[in-house]
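A quick write-up on the structure given underneath.
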Amino acid sequence: MTPLHLAAVKHKLNSAHLLVEAGADRNALNEARQRPIDLCGNDPPMKALLGQNGNEDKSATQTRSITRDAQVLTAAKDLLESTLVPVTAAEETIILACQKATDEANKVEKAKTDEYSEIQRALSEHKRISDEFKDVITQVEEYRNLLAMNRDNVSNMGTTLAETQREVTTKLQSKRTANAEKRERISSLDQRVDTLKNEYESVTAELEEIERKAAELRKRKAELEDEIERTEDESTTLKDKERSESRNETDIAVHEESLQRTRTLIEKGDTSLNSLQDSTSNRLLSIGMEYANFLRKYMVFVHELCDQFDYKIRTMENRIEEETRNYDEVSKLRLKMDSSKLTALIAEYKSNLARFQRRKDKVIAIQDSLNSDFAIVKQLVGEFGRELEPLD
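Numbering-wise (this note's numbering), the sequence shown opens with residue 15 and increments by one.
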């Protein structure tokens, strides 16, 4: 693409006019084989300029003033600056090269017009600058292609980033869904725990009610047994004394019917009591066994405490005996103290001995209490046909 093509695309009429006057080819073709007039669009002045006959006298053009050449370079520099916004060191170098060419052309302008050799040199320099300018335009085109490729790469990166963001969003949504399900599961478990607690309280209350009814039934059973015994005694007495009397026989029959009803009630009470006993005996046996195991472990701990206090008591007794035996000789020499200090030391040992003995007595009292509790548990478990080993 030539500078004239760029001027046509940017609609720079003055720049195109100067380039045409400088001898730019109006029929030059770019990479798409287009002339400058094909790129100016609907621009009548530009079309009129680019459509003129380009067969002017080249020698007349070369005799134009050096000032016109400088104007051409200035126009080319303006055109390049309007095309690029320098963002790199390479682009800045291009603009500086154009500025240098313009400055040199301005210097050439000061030469005398009758100095033909100087003019020839200036024209040669101008041709060199034009060639450099064409190279610069080629570099600009390559830079534009590179910029377009970078834009495509950025677009592809944006697409990849959007896909990655969608994947991350999908994973995050799945995580949120899983967390929500876990929270619902935790909530349901909490509700289940509350339900089980309420059921436990209900069963406990029902068990207490059953135990209360069992106590009432036991009491009623004892009363019925007493009544049966009294009735049987009365029946025997009546049979012995008034066997021949019909009235007494009638009374006996009435009492027997009453006794039968009483026995029926007792049998019903026994049935209820047996069912209640079956439902509670296993629980009582389990509690008794657990408590017996606890007492056994606690007794081991108590024995360990007793052994510790026995050791401390024996130690204090040995020290007291030693200090008392050597009261007059060894202790005074070894401790280098008077008798009052030695007496205080023995008193301190005795105080420690008394303190350890008191603590041991407390532990022994606890041991006796454990033995008493174990005897009760053993008796309770024995009622269910189970035998416990001795506690010690």
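The beta-carbon is built from N, C-alpha and C at its ideal position, and this holds for glycine as well. Computed from a predicted model, the values in this text were never measured in an experiment.
Asked: Relative to the C-alpha of Glu336, which candidate in Phe323, Gln322, Cys320, Leu356 has its C-alpha closest?; Found: Leu356
Asked: Arg339 by DSSP, collapsed to three states: which one?; Found: helix
Asked: Between the C-alpha atoms of Val217 and Leu394, what's the straight-line distance to the nearest angstrom?; Found: 23 Å
Asked: Taking 8 Å as the cut-off, does the stretch 357-373 touch the stretch 323-330 (at least 3 CB pairs, one atom from each stretch)?; Found: yes
Asked: Determine the extent of the alpha helix (DSSP H) in which Glu35 is found, giving its start and end residues.; Found: 27-35
Asked: With a Cβ-Cβ cutoff of 9 Å, do Tyr305 and Asp247 count as a contact?; Found: no
Asked: Less than 9 Å between the C-beta atoms of Lys148 and Pro17, yes or no?; Found: yes
Asked: If you run the structure through DSSP and keep just helix, strand and coil, what is Gln393?; Found: helix
Asked: Flag this pair as touching only if the stretch 235-243 and the stretch 202-216 have three or more C-beta atom pairs under 8 Å; answer yes or no.; Found: no
Asked: Any idea what DSSP makes of Asn41, helix, strand or coil?; Found: coil
Asked: Does the contact criterion of 3 or more C-beta pairs under 8 Å hold for the stretch 373-380 versus the stretch 308-321?; Found: yes
Asked: Please report the residue range of the alpha helix (DSSP H) in which Leu63 lies.; Found: 58-64
Asked: Give, in chain order, every unbroken run of the alpha helix (DSSP H) that is at least 4 residues long and sits entirely within the stretch 276-306.; Found: none
Asked: May I ask you to report which of helix, strand or coil DSSP gives Cys54?; Found: coil
Asked: Report all residues from its chain with a CB closer than 7 Å to the CB of Leu279; omit the five preceding and five following residues, and keep chain order.; Found: Leu238
Asked: Measuring CA to CA, which of Thr250, Leu203, Lys282 is closest to Glu270?; Found: Thr250
Asked: In terms of residues, what are the limits of the alpha helix (DSSP H) holding Pro404?; Found: Element bounds for Pro404: n/a, residue is neither H nor E.
Asked: Could you have a look at Arg49 and say whether DSSP puts it in helix, strand or coil?; Found: coil
Asked: When DSSP labels each residue in this structure, what does Phe398 get in the three-state scheme?; Found: coil
Asked: Give the secondary structure of Thr16 by DSSP, where H, G and I count as helix, E and B as strand, and everything else as coil.; Found: coil
Asked: Could you work out which residue in Ser29, His19, Glu35 is closest to Ala46 when comparing CA atoms only?; Found: His19
Asked: Could you check the C-alpha separation between Ile143 and Ser169 for me, to the nearest Å?; Found: 38 Å
Asked: Excluding the 5 residues flanking Asn164 on each side, which residues of the same chain have their C-beta closer than 8 Å to its C-beta?; Found: none
Asked: Find the nearest neighbour of Tyr363 within the set Arg180, Asn385, Met330, judged by alpha-carbon distance.; Found: Met330
Asked: How about Leu27 and Asp52: do their beta carbons lie closer than 9 Å?; Found: no
Asked: Our contact map puts His31 next to Cys54 with C-beta atoms below 8 Å; I'd like the distance itself, whole angstroms only.; Found: About 13 Å; that fails the 8 Å criterion.
Asked: Buried or exposed for Ser201, going by 16 or more other Cβ atoms inside 10 Å?; Found: exposed
Asked: Taking Ser289 as the reference, give the member of Lys227, Thr338, Val268 with the closest Cα.; Found: Lys227
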